[in-house]
Every structure is written in C-alpha cells, then in structure tokens.
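Start counting the sequence shown at 6; every next residue gets the next number (the numbering used here).
C-beta atoms are modelled at their ideal positions from N, C-alpha and C, and glycine is treated no differently.
Predicted model, so just to flag it, every value in this text is computed and none were measured.
See below for the structure under consideration.
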Amino acid sequence: MRVLKSTLPIAIASLAFVACSEEQVDTEAPEMTQVLINGSDDEITVQAGTQLSIDVSAVDNESVSQVKIDIHEVFDGHEHGKVQVDPWTYVKILNTSGATVTVSDNPMIPTEVASGPYHVVLRVLDDNGNEGEFEEREIVIENGSQPIVNVTSPVDEDVYQLGQTITPMGTVTDVEGLEEIHLILFQIEHDEHGHDHDDEHLHEVAEDEMEFTDDPTTFDLSNMSVTIPATEEAGHYLLMIKAVDIEGNHTIVEVELDIEE
C-alpha cells in the first residue's frame with residue numbers, strides 16, 4: 006500500500022503532463038493577402054463628399070476574426086489655418102470568420118474636410134488574438150479649395166551635385182489665401198532588405214520655410230531654395246513642396262532627384 010500511495014500521484018501527474026503537451030497553442034498570426042482602395046493598391050486621389058471602397062483579403066491557419074480600418078490625416082501634427090477645417094478620422098472594426106476571408110467597407114468622406122494626405126491603416130486579428138503585420142495605404146483628399154502647386158523645375162530624375170543649391174521654379178496659388186509654404190529636401194534611405202517602396206525611409210537634410218501674415222493668394226517658388234549639404238552622401242533624394250492655406254488645407258508635391266558627388 007505504501008508503494009501505491011507514492012506512485013499514484015506520479016502517475017496522475019504524468020497523465021496530466023501528456024494531456025497538456027498534446028494541446029497546441031496557436032501562435033500563428035493572420036496575414037493580409039490583398040488590400041484595394043477604389044480598386045487600386047497604389048496611392049490614389051479622391052474628392053471630399055465621395056465614397057471610398059475598401060476591400061481586404063486575409064488568411065489564417067485557423068480563423069480570421071477581425072479586420073480594423075483606421076483612417077487619419079498625416080499632416081505634420083501642428084494646427085494650421087485661421088479658419089480651421091477639421092481633418093477626417095474614421096475607425097471601423099469588421100467582424101468575420103473563416104480561414105480565408107474578404108471583407109469590404111464603404112466609408113463616406115465628409116464634404117467639409119481638410120484636404121491633404123491621409124493614411125489608411127489596416128490590421129487583422131485571428132480568433133486567438135494573434136495580430137498580423139499591418140498594411141498602410143495613402144490617399145490624398147481634395148476638397149476644391151486646396152492650394153494649387155505648379156512646379157516647372159526641377160523635374161523627376163534631374164541631377165544635382167553635393168553642395169549645390171536647388172531653387173525651384175513655379176507658383177503656388179490659393180483662392181482663400183496662403184498661410185505657409187515649406188521646401189524640404191530628404192535623402193531616400195533603403196533598409197538592407199531591398200529597394201521596394203515600403204522599405205524606404207526619408208532623412209531630412211535641408212528646409213526652407215515661408216510664413217505669411219497677409220494671406221497672399223499667389224507665391225513665386227523661386228523665392229525659396231535649399232542647399233544640398235556637401236557632407237551628405239550621393240544618391241536618391243526627394244524634394245517636397247508643401248503648401249498650407251488659411252483654412253488648413255494641405256497640398257504636397259514631390260520631385261525625385263539624383264544627387265552626385
């Protein structure tokens with residue numbers, strides 16, 4: 006009897022251990038296989054007061070449970086505009102189930118919304134709470150009152166040298182009046198995994214800024230310039246012209262440049 010008393014708990018514990026070890030904990034995250042906004046997987050321009058069409062396909066080894074949509078502005082974090090037009094924010098959680106799913110949503114963009122760049126961020130979860138890698142798409146919303154930026158020089162793939170000054174040619178106009186204009190030069194950096202757009206990072210190297218107090222309706226871009234630092238590396242650069250009007254509407258124009266030694 007003494008032997009039975011000592012071995013019975015061990016036997017029960019062994020059986021419990023075997024049962025627990027046979028239970029598999031799902032740690033595999035779901036994955037989005039396709040994201041389309043208005044039928045496109047690239048950046049698109051849309052108008053205020055129109056409807057977006059968002060389609061997301063995802064897979065999981067067991068079951069996808071949720072797709073979350075988050076739309077928000079990506080201005081610069083500062084309040085702009087004497088008569089501020091609010092930017093648009095939108096959050097929606099779509100419940101679903103199945104190992105392979107496709108969900109759709111059709112948010113309406115408000116008519117009274119600040120123009121400019123917006124990010125559509127999408128996240129996916131499975132039944133066990135595992136979250137896959139997020140996907141991000143950019144849309145540009147126009148409301149008909151945004152600044153009009155016309156850049157005639159430089160143009161994409163123009164070549165400059167380190168230490169050279171870039172003076173853009175062109176105009177910025179706005180019927181309501183301009184509040185500020187930024188001319189920013191970025192070096193485009195790539196991570197070690199490749200040269201896809203998603204692997205690009207922007208490193209600011211120079212900036213010029215104009216702030217207005219008299220709300221001009223037109224501005225000559227030749228009054229601004231940036232100098233490429235001679236200490237930077239040659240490579241691929243991005244020149245950004247960002248205009249903001251008194252209502253807080255943003256317009257951004259980008260020109261890709263090649264910088265040589």
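Per DSSP, the bridge partner or partners of residue i
i	result
Glu-36	Val-64
Val-75	Contrary to the premise, residue 75 reads as Asp rather than Val in this sequence. Paired residues: Val-96 and Val-126.
Leu-183	Asp-250
Ser-45	Ile-42
Leu-190	Ala-211 and Leu-244
Gln-56	Met-113
Gln-169	According to DSSP, which records beta bridges pairwise, Gln-169 is partnered with nothing at all.
Sequence-distant residues of the same chain with beta carbon closer than 6 Å to residue i, five excluded per side
i	result
Asn-66	Glu-33
Val-106	Ala-63 and Val-69
Glu-84	Residue confidence is low: Glu-84 scores 48 on pLDDT, short of 50, so the model does not pin down where it sits. No coordinate-derived value is stated.
Tyr-95	Ile-76 and Pro-112
Lys-10	Interpretation of Lys-10 is limited by its pLDDT of 47, a score under 50 that renders its predicted location unreliable; the figure taken from the coordinates is listed afterwards. Closer than 6 Å at Cβ, skipping near neighbours: no residue.
Lys-97	Ile-74 and Asp-110
Glu-212	Ile-189
Contacting residues, own chain, Cβ-Cβ under 8 Å from residue i (five flanking each side not counted)
i	result
Ile-114	Val-51, Gln-52, Ala-53, Gly-54, Thr-55, Gln-56, Leu-57, Trp-93 and Ile-146
Glu-141	His-124, Val-125, Val-126 and Leu-127
Glu-205	Ile-193, Glu-194 and His-195
Glu-266	Gln-166, Leu-167 and Ala-239
His-241	Gln-192, Ile-193, Glu-261, Leu-262, Asp-263 and Ile-264
Ser-102	Ser-68, Val-69, Ser-70 and Asp-132
Val-180	Ser-150 and Thr-222
Residue i in three-state terms, based on DSSP
i	result
Asn-111	coil
Pro-122	strand
Ile-264	strand
Gly-175	strand
Ser-158	strand
Phe-81	The sequence shown places Asp at residue 81, rather than the Phe named in the question. Note: Asp-81 maps to coil in three-state DSSP.
Asp-31	coil
Asp-132	coil
Asp-91	coil
Thr-105	strand
Glu-141	strand
Ser-150	coil
Residues near residue i by beta carbon distance below 7 Å, same chain, minus five either side
i	result
Gly-5	Nothing about residue 5 can be read from this structure; the chain reaches only from 6 to 266.
Val-79	Pro-122, Tyr-123 and His-124
Asp-132	Glu-67, Ser-68 and Ser-70
Val-258	Val-154, Val-156 and Ile-246
Phe-217	Leu-183, Glu-184 and Glu-185
Ile-49	Ile-42, Asn-43 and Ile-144
Heavy atom of the ligand SAM within 7 Å of residue i beta-carbon
i	result
Asp-163	For the ligand SAM, the structure offers nothing, since it holds no ligand at all.
Does the count of Cβ pairs from the segment 215-235 and the segment 163-178 closer than 8 Å reach three? yes
Sequence ranges, beta strand (DSSP E) only - wholly within the segment 203-262, length at least 3: 205-216, 223-225 and 240-250
Pair every Cβ in the segment 113-128 with every Cβ in the segment 160-170, then say whether three or more of these pairs are closer than 8 Å. no
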